[in-house]
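Colleague: The structure's right below; bear with me while I get my questions together.
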Amino acid sequence: MSAHQLHRMLAVTYKTAWFMCHHIRESMKPDSPSPLGGESKVVEADETFVGGKAKNRAYAKKEPKKHAIMTLVERGGESRSFHVANVKAKTLREKIVTTVSRKSHLMTDELASYEKVGKEFANHGTVKHRFPVLLQAQDR
Numbered sequence: 001m002s003a004h005q006l007h008r009m010l011a012v013t014y015k016t017a018w019f020m021c022h023h024i025r026e027s028m029k030p031d032s033p034s035p036l037g038g039e040s041k042v043v044e045a046d047e048t049f050v051g052g053k054a055k056n057r058a059y060a061k062k063e064p065k066k067h068a069i070m071t072l073v074e075r076g077g078e079s080r081s082f083h084v085a086n087v088k089a090k091t092l093r094e095k096i097v098t099t100v101s102r103k104s105h106l107m108t109d110e111l112a113s114y115e116k117v118g119k120e121f122a123n124h125g126t127v128k129h130r131f132p133v134l135l136q137a138q139d140r
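Our numbering puts the first residue of the sequence shown at 1, with every later residue one more than the last.
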């Protein structure tokens, strides 16, 4: 049900209805979501850095620190993103092992942090970003 519908039905402000909707949806989430992947399923893991650019900072301020974000995506399924303190093997392993089924095929880039954790899964494939990849029609 939309926030607008609640707004009309309960005669409350839209802002109140919007917050109510979000609280209801949050309370309906499962406490421990099922792991991503499974037998013969592919889960992709990648990280990126999010943050401001140096050219956008105020004159006397220090350069903004970028934050590491890791995303796990099950092909044809759902995805989950996490803020991680750094991209070291121990930190990434902690999130991947608790979120992905070990029966899955794990796909990552060639970051050294993924090498050890990849051995804990049914299969581990890597993508080399320095080589161009041609996509097949079904992958587009």
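Note that beta-carbon positions come from the ideal geometry of N, C-alpha and C, so glycine has one too.
Quick caveat: nothing in here was measured; it's all calculated off a predicted structure.
(1) What three-state label does DSSP hand Ser79 in the structure shown?
(2) For Ser101, which of Glu94, Gly37 and Gly51 has the nearest alpha-carbon?
(3) Restricting to runs no shorter than 3 residues, where is the beta strand (DSSP E) found entirely within the region 9–64?
(4) Please confirm whether Lys66 and Gly51 have their CB atoms less than 8 Å apart.
(5) Going by beta-carbon coordinates alone, are Thr98 and Asp109 separated by less than 8 Å?
(6) The beta strand (DSSP E) that contains Glu68, what's its start and end?
(7) By the DSSP assignment, the beta strand (DSSP E) with Leu106 in it spans what residues?
(8) For Ser27, does the count of other Cβ atoms within 10 angstroms reach 16, so buried, or fall short, so exposed?
(9) Could you check if Leu10 is buried or exposed, using at least 16 other CB atoms within 10 Å of its CB as the buried criterion?
(10) By Cβ distance, which residues of its chain are closer than 8 Å to Leu92, with the 5 residues on each side in sequence left out?
Modeller: Let me lay it out:
(1) Note: Ser79 maps to strand in three-state DSSP.
(2) Measuring from the Cα of Ser101, the nearest candidate turns out to be Gly37.
(3) Whole beta strand (DSSP E) segments, 3+ residues: 42–50.
(4) The Cβ atoms of Lys66 and Gly51 lie closer than 8 Å to each other.
(5) At the C-beta level, Thr98 and Asp109 stay beyond 8 Å of one another.
(6) Per the sequence presented here, residue 68 reads as Ala, with Glu not at that position. Looking at the DSSP string, the run of the beta strand (DSSP E) that includes Ala68 is His67 to Glu74.
(7) Per DSSP, Leu106 belongs to the beta strand (DSSP E) from His105 to Asp109.
(8) Exposure of Ser27 is indicated by the presence of fewer than 16 other C-beta atoms within 10 angstroms of its C-beta.
(9) The residue is exposed, with fewer than 16 neighbouring Cβ atoms inside 10 Å.
(10) So the qualifying residues of the chain are Ala45, Glu47, Met70, Val84, Ser113, Tyr114 and Val117.
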